[in-house]
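Take any residue in the sequence shown, note its place counting from 1, add 47, and you have its number in my numbering.
Virtual Cβ for every residue (Gly too), placed ideally from N, Cα, C.
Bear in mind that the values here come from a model prediction, so they are computed numbers and not experimental data.
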Amino acid sequence: MGLLDNVKKAANAAKEQAGELAGKHGDKIDRAIDKGGSMIDQRTHGKYSDKIVKAQGAARNAADKVAGEAGPAAGSSAQGPVSPPPGTGTPPPPPPPGAGTPAPPPPPPPPASAALTSPVREFVDAVNAHDETAFLDSFGDTGVVDDWGREFVGREAIKEWSDKEFIGANGTMDVQQVTDTGGQVRVVADWRSTHANGLSEFTFDTAGHTINRMTIRGAH
48 MGLLDNVKKA ANAAKEQAGE LAGKHGDKID RAIDKGGSMI DQRTHGKYSD KIVKAQGAAR
108 NAADKVAGEA GPAAGSSAQG PVSPPPGTGT PPPPPPPGAG TPAPPPPPPP PASAALTSPV
168 REFVDAVNAH DETAFLDSFG DTGVVDDWGR EFVGREAIKE WSDKEFIGAN GTMDVQQVTD
228 TGGQVRVVAD WRSTHANGLS EFTFDTAGHT INRMTIRGAH
């Protein structure tokens, strides 16, 4: 059986050699199988000729199978897409955090009314809230309202005027500009009421927390 094992090993070697050559050197496969079989047949003095023939047939079948599985890819000169060399076409690294991110928009400026100081700030709040008591309390006992040259002096006169043309007319002040020179505050506001409308200039003469005089004119 030792010689038979050698025959099988030689046949398997021939199969492996045939598989490697399949698709590349098909014309050399048969010669390799024949040569291997002849060498074994000579060494065994023809004792196993029939088995050698069978082994050669099996080797040829195996070679044909391998060549058929390999198909046109084995030994074919046709090539698919060629991969780029290492590093070629590699995407760039991601930008560092924050790079390319648009800066947030700046915060909106504060409203003009933010520049108001006491007592004018409380006066404007009282007007927009239609709070008659707080409005009248903004003036001293001898406070004066000068509305386009018409003067109203004292709390009662100011109340009578306001009932018709200011608080009583549901007036509101949308402050557009504030100029504070210390002791006198100039306010440009969009005045809206049931009595009159338009951009107006209010000039306040103050003393501490009291308005001594309010002068109303058209804004220029």
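Counted as a single uninterrupted DSSP element, the alpha helix (DSSP H) harbouring T180 occupies residues 179-184. When DSSP assignments are scanned along the region 201-262, the uninterrupted stretches of alpha helix (DSSP H) that are 4 or more residues long and fall wholly within it turn out to be 201-212. DSSP places G187 in the strand class (E or B) of the three-state scheme. In its chain, beyond the 5 residues on either side, S209 have a beta carbon closer than 7 Å to the beta carbon of G215. Ranked by Cα distance from D188, the options N217, F213, N259 are led by N259. A176 and P153 have their C-alpha atoms roughly 31 Å apart. Taken atom to atom, the span from the alpha-carbon of R264 to that of F213 is near 14 Å. Straight across, the Cα-Cα distance linking E203 with Q224 is about 30 Å. A254 counts as exposed, since fewer than 16 other beta carbons sit within 10 angstroms of its beta carbon. Using a Cβ distance threshold of 8 Å, V167 and V232 count as a contacting pair. A straight-line Cα-Cα distance of about 5 Å links D237 and D221. The shortest CA-to-CA distance from M261 to any of P149, I205, A102 is the one to I205. At the C-beta level, E169 and A181 come within 8 Å of one another. Here V192 is bridged, per DSSP, to F199, M261. Take R239, set aside five residues on each side of it, and the residues of its chain with a beta-carbon closer than 6 Å to its own are T219, in chain order. Here the alpha carbon of G190 sits roughly 26 Å from the alpha carbon of H267.
The continuous alpha helix (DSSP H) containing A173 extends over residues 167-175. By the neighbour-count criterion, in which 16 or more other beta carbons inside 10 Å mark a residue as buried, A173 falls on the buried side. By the beta-carbon neighbour count (other beta carbons within 10 angstroms, threshold 16), G147 is exposed.
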